[in-house]
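In what follows, a structure is listed as structure tokens, so that the remarks can point back to it.
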Amino acid sequence: MTGSIRRWQGIPSILLLLALWQAGAMLAGSRLLPGPMAVFTVMAQETASGELPFHLGFSLARVGIAFVVAMIVGTAIGLVLGRSRGIDRWLYPWLIVLLNIPALIVIILTYIWMGLTEAALLIAVAVNKIPSVAVTLREGAGTLDRDFAEVAQIYEFGPLKTLRTVVLPQLAPYLLAAARNGLSLVWKIVLVAELLGRSNGVGFQLQTYFQLFDVPRVMAYAIAFVGCVLVLEAFLFRPVEQSAGQWRRQP
Amino acid sequence: MTGSIRRWQGIPSILLLLALWQAGAMLAGSRLLPGPMAVFTVMAQETASGELPFHLGFSLARVGIAFVVAMIVGTAIGLVLGRSRGIDRWLYPWLIVLLNIPALIVIILTYIWMGLTEAALLIAVAVNKIPSVAVTLREGAGTLDRDFAEVAQIYEFGPLKTLRTVVLPQLAPYLLAAARNGLSLVWKIVLVAELLGRSNGVGFQLQTYFQLFDVPRVMAYAIAFVGCVLVLEAFLFRPVEQSAGQWRRQP
Amino acid sequence: GEPTAVRVGILKFGTVSWEMDTIEAHRLDEKNGIRLVTSTYATNEAAKIALLTQAVDIIVTDWPWAARQRAEGRSLSFFPYSKATGMLLVKPGSAIGALSDLKGKRIGVAGGPLDKSWLLLRALSRRETGEDVASSAKPVFGAPPLLGEEFSQGRIDAVLTYWHYAARLQADGAKLLLTVADIVKGLGARPDVPILGYVFLEPWALQNREALDGFLRASAEAKALLARSDQEWIRLEPLLGTSDPKVRAVLKEGYREGIIERWSGEERRDAARLYDILAELGGEALVGPARRLDPAVFWPSHSEWGGQ
Amino acid sequence: MKIVIRRKEYPGREGARERCILRNFELSLGQGETCAVIGPSGIGKSSLLQIVAGLDMDFQGLVSDRPKPVGYLFQASRLLPWLTALQNLEVVLPRSRGGAREWLSRIGLDDAAHLYPSHLSVGMARRIALARALCVEPRLLLLDEPFAALDRDTARQMQALVREEVARLGATLLIATHSWSDVAALVERTVTLGGAPAGIVEDSPVRQRRAGE
Amino acid sequence: MKIVIRRKEYPGREGARERCILRNFELSLGQGETCAVIGPSGIGKSSLLQIVAGLDMDFQGLVSDRPKPVGYLFQASRLLPWLTALQNLEVVLPRSRGGAREWLSRIGLDDAAHLYPSHLSVGMARRIALARALCVEPRLLLLDEPFAALDRDTARQMQALVREEVARLGATLLIATHSWSDVAALVERTVTLGGAPAGIVEDSPVRQRRAGE
Ligand SMILES: Nc1ncnc2c1ncn2[C@@H]1O[C@H](COP(=O)(O)OP(=O)(O)OP(=O)(O)O)[C@@H](O)[C@H]1O
Ligand SMILES: Nc1ncnc2c1ncn2[C@@H]1O[C@H](COP(=O)(O)OP(=O)(O)OP(=O)(O)O)[C@@H](O)[C@H]1O
Ligand SMILES: [Mg+2]
Ligand SMILES: [Mg+2]
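Chains as they are written, first to last, in this note's numbering: chain A, 28 to 278; chain B, 28 to 278; chain C, 9 to 316; chain D, 137 to 349; chain E, 137 to 349.
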């Protein structure tokens, strides 16, 4: 099977999901669960009016920046903690504290200090997300095989080449898990941050329509983002996953 | 170093964190960032009045149940998807959709369908959390070494013994990452679920005091939970992590 | 026999909880042949979910929402609770003295762009200055507590927020520019048009007519008590959510001013007029399929109920 | 036991075509028979053993009447790295049987009981893997290059151990090896693989050198 | 190069005391000298090579004048499993040098270029690991049981390859082995380890059998 076919292999599954959703909506009665038709109609309206692209664009930009920053910083912290007992002893408890402080509080505090600004949002989201990436990568760093590190040492790979050819391939599954979970987490935190103190973005719209109990619109916005993630899955995460795992001895 | 000393080794780090926080609070001025003294005073008041134990108890019970259920179900799903290409092709996209649907929406919809019941809360939280565990464990399952599976097959371990002696030791770092991230995620979702439809629990209190902008109280409730997690770290996750990793060839 | 239970969803430190507490303290529910059961929720949305899932019988919210839900098939009814909703505040000593001064300023708006007070303010500014504040000024939407903080720190010039949040800012010296009642008056409607009210499912109301009437009587009696007795407010102190006596005083004032004196056919007609304004500005996003106000949303829907 | 492999292919990977490794391989082994498979590196000895063990089912052909239980010394010992030497033996033994400690002393590694595999020398790990294969009292014993990692004296002791156990259990023995010492010490028959894809190029009894050893 | 190991201990683990493996080990090797370390399984040969390579610094003693670069054939090949055979060679070669393909054909594995290590036979992986150790043009070559996994013919070819490269590069060679064939073919000096903790029990030149091979 070639890569490009694999890329689209999720489509039947998504179609099935839509069909099930439609059936469920028809059974439940549209008032309780708006079906995909109702939601897509609303989505089309909101797209035509320019509202959805506008707000989705803001949210995507925020998610994108916060995600990249959080992945890089979180991976770095996780690796350091996973490799150095001494630093781990001092910083790891902080990580756990940070990990378990509700997003709400971090967001409120950053907004209070920095005002209702874009920078405050990005910082709040990154602070919420970094511990989660770091915890996952810390576990990954703990499994790095010294045997291979010694190969790198003997053949004098130097830090960068070691990272690229020895460390990252071993961390690939952890990075993928952190990236997928991370994307969804960043997105959820961006929503909260938007609904608490921004005047645009999907979270802001969700809050508005949630107050009105306009479930189809709420779902339209959420699903627009989910669609973006599915595209990212097909074009980024899936291919990376496949090429990162093909050396394993598997059926 | 014996286990019991290791268990307490996080304490100096936490004390340092408190000291830094106090210093920061004194610099920032108490209105912007209440210091640990202020927060602990409030915490003592709320404990004396019985409010904090009451609400924290409810939240802990919810977190506990949802966490255990989500870990078990999520691990099972993750393993199945990670091992079976066919099922993965059909179910994995659903997982990604579920992973990226905002907690808010899942919670609202479950409440609307099932009413404002405890069961609805638990289901909503589990549905939010299961995909995240599953995604992590799916990556873990992808790294399971067939060499060892063959050993289990030759010596006829049977499914249960294979799981215990061959699969779980390989998955330990993934389980730990999923558990730590999971606990914090369950807790955050429980907060949202409580503020959207329960009359008790930390989430309910947080939102109430947020509306009054009583930041010390908001922090007191959050920190009480963080304290519980730190205890869990010291008595459960840390020991498990240490015993699960000691066979590795590491400095 | 057993008095019927009436389940009311409230917020812990919300104004409704004061009234309910007064009812319970004076056993006004028993006197009116009902048993009051309150459930506390953390947010307005939680209370709405509770109503729609019939976890409670009555909540307090605004009538445009009830009207919209009704148009979407959930037959909700509305009975007025208070006309106190929002206030537009500016900094003490601020140069802003009228709507026209808001031009180019940052205005914090609680509740988002479809908030009723905000829409009415926009309508009024159009009528008075010919410009829509939404475009002439810079609105900043956010959670009310955060907007309060932004305002205190001087990062926004004015704030349009719910009156009990405004109370705290007023106690800190913020200057009241307009109340929503002023705005309504400015739009040519009677100032007694309520914005908030008890909302319940009509079928429930029809089945439990006596209980509902009993509840509304108890509510009216509690309001009357709170309006005349300062003693009551001392009892309520723990529920006001503040230890600042200045804020308490403002809250008491605000509550009393919100009490509705008239609820006649004229107020209903004015309500319909306001609804048209909201529908025009908020569009379908706000009102959904209910382009016009269905008068049946007001309880009781057919008799000419004359008010208190 | 009858082994018939009409065709064994490995799937092609990027840049490499599907490769046929074994073809028209047929071998019958009576219960208690001992046989060595010989052939150069990469010819398919380990692949053959995987098939005989029933681990690899992806081939055209059939393995019938496989005796049970099977003891398999993999070429890369495959001790479970998260279990100590002792636990690695205990884990394959039925709880009731026990005897893991005795096995450790039979291979001369009492001291290593509590070491994890990553702390063992390669030869030590090899011996523990051998003990693991023997301690289940196999009726079919598959040994893949069993003593290559061992020095001559240790290898001799281990050969003796295998001979003794195989005789005691009446086990069928199949060894993949390139050591003539193994052949001489342990088997009565050798099968030589050759060609590409590989098949049997020679199947001959071993002159009884055991006595003269 | 001078190797002085006064004491090498491994830390104790649960249920096992700290163990001293090597004691009073002293060895000087001139540049270009070839030497084999001999001793029974588990005595400490691999531990010694790790120290000589500079990978294990946790011992009392000193390794001075270590020639560079080092080529090290680990006892468990340690190919990077996520790289193909070819990439495993390329990764150790400076980009400019190249020559990975030629090395593959020198060890007779052109066909295996695009296979991952998990798809190689043990002997094939061994040869690639050997090529990896040689292709960096080492001045110090450490080989840990280099040919144990290979059949006799392949082993002979590889021995020849090593001999040729060592001679060409003037490299110092240290082999841990238990194969007399390796000793005869490759080294001019053997050091025998013995005792517990191990030390040198014999240090003797090899009678020149190379010619008679
Ligand atoms: N990382 C380690 N931790 C603890 N003990 C170790 C470690 N590595 C090796 N040992 C111990 O050191 C001793 C020597 O091991 P080493 O691998 O050097 O032996 P060797 O001479 O190479 O044996 P073989 O011929 O079997 O490869 C063994 O008893 C082994 O258990
Ligand atoms: N999982 C696999 N996928 C693809 N090819 C494989 C796989 N396993 C083995 N091969 C190929 O099959 C051939 C035979 O391998 P095998 O391990 O059976 O050889 P062997 O005779 O045991 O060699 P050695 O003596 O070196 O162990 C080799 O060419 C190898 O590349
Ligand atoms: Mg083999
Ligand atoms: Mg060794």
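Just so you know, even glycine gets a beta-carbon here, dropped at the ideal spot from N, CA and C.
- Minimum Cα-Cα distance from E:GLY207 among the listed residues E:GLY335, E:ALA307, E:ASP194 corresponds to E:ALA307.
- Secondary structure at C:ASN40: coil, using DSSP grouped into helix, strand and coil.
- Annotated three-state conformation of D:GLU338 is strand, per DSSP.
- Selection B:ARG207, B:SER211, B:TYR201, B:ARG173 evaluated against B:VAL193 yields B:ARG173 as nearest (Cα-Cα).
- In the structure shown, A:TYR201 adopts helical secondary structure according to DSSP, grouped into three states.
- Between the alpha carbons of A:LEU218 and D:ARG231 lies a distance of about 55 Å.
- As DSSP reads the structure, C:VAL98 sits in a beta bridge with C:ALA166, C:LYS183.
- One thing to note: D:ASP287 has its Cβ no nearer than 7 Å to the Cβ of D:PHE210.
- Using beta-carbon distances, A:ILE216 does not count as an interface residue toward chain E, since no partner is under 7 Å.
- With 7 Å as the limit, the residues whose C-beta approaches a heavy atom of ligand 3 more closely than that are D:LYS181, D:SER182, D:GLN211, D:ASP280, D:GLU281, D:ALA312, E:SER257, E:VAL258, E:GLY259, in chain order.
- Leaving aside the five residues that flank C:PRO147 on each side, the residues in its chain whose CB is nearer than 6 Å to its CB run, in chain order, ILE115, VAL117.
- For E:ASN160, the secondary structure class from DSSP, reduced to helix, strand or coil, is strand.
- Between A:ALA103 and A:ALA161, the alpha-carbon positions lie close to 8 Å from each other.
- When beta bridges are read from the DSSP output, C:SER108 appears opposite no residue.
- With respect to chain D, the C-beta atom of B:VAL194 has no partner C-beta closer than 7 Å.
- If you ignore the 5 residues before and after E:VAL298, its C-beta comes within less than 8 Å of the C-beta of LEU266, LEU270, LEU277, LEU279, PRO282, LEU309, LEU322, all in its own chain and listed in chain order.
- According to DSSP, C:GLY116 shares a beta bridge with C:VAL148, C:VAL167.
- By the Cβ neighbour-count rule, D:GLU154 is exposed, with fewer than 16 other Cβ atoms within 10 Å of its own.
- Ligand 2 has no heavy atom closer than 6 Å to the beta-carbon of E:ILE243.
- Ranking E:ARG233, E:ILE243, E:SER200, E:TYR252 by CA distance to the CA of E:ALA221 puts E:TYR252 first.
- If one requires a minimum length of 3 residues, the beta strand (DSSP E) runs lying completely within the region 172 to 237 of chain D are 196 to 200, 206 to 209, in chain order.
- E:SER177 has its CB nearer than 6 Å to a heavy atom of ligand 1.
- A straight-line Cα-Cα distance of about 14 Å links C:ALA50 and C:THR69.
- The beta carbon of B:ARG207 lies closer than 7 Å to those of PHE264 in the same chain, with the five residues before and after it left out.
- Under the Cβ criterion (8 Å, minimum of three pairs), the region 242 to 250 of chain A does not count as touching the region 145 to 161 of chain B.
- Identification of chain D residues near B:PHE175 by a Cβ-Cβ cut-off of 8 Å yields ARG214, LEU216, ordered along the chain.
- For a cut-off of 8 Å, the C-beta gap from C:ALA166 to C:ILE104 is around 6 Å, short enough to register as a contact.
- Taking one beta carbon from each stretch, the region 190 to 198 of chain D and the region 254 to 265 of chain D have fewer than 3 pairs nearer than 8 Å; the two do not touch.
- For E:GLY330, the uninterrupted beta strand (DSSP E) run begins and ends at 325 to 330, by DSSP.
- Between D:ALA212 and D:LEU225, the CB-CB gap reaches or exceeds 7 Å.
- Between D:VAL188 and D:CYS171, the alpha-carbon positions lie close to 13 Å from each other.
- Residues of the region 274 to 294 of chain D with a Cβ closer than 7 Å to any Cβ of chain E, in chain order: GLU281, ALA284, ALA285, LEU286, ASP287, ARG288, ASP289, THR290.
- B:TYR119 sits in a helix when the DSSP states are folded into three classes.
- The nearest non-hydrogen atom of ligand 1 is less than 6 Å from the C-beta of E:TYR146.
- Distances from the CB of B:HIS82 to the heavy atoms of ligand 2 are all 6 Å or more.
- In this structure, DSSP gives D:ALA284 a state outside helix and strand, which the three-state scheme calls coil.
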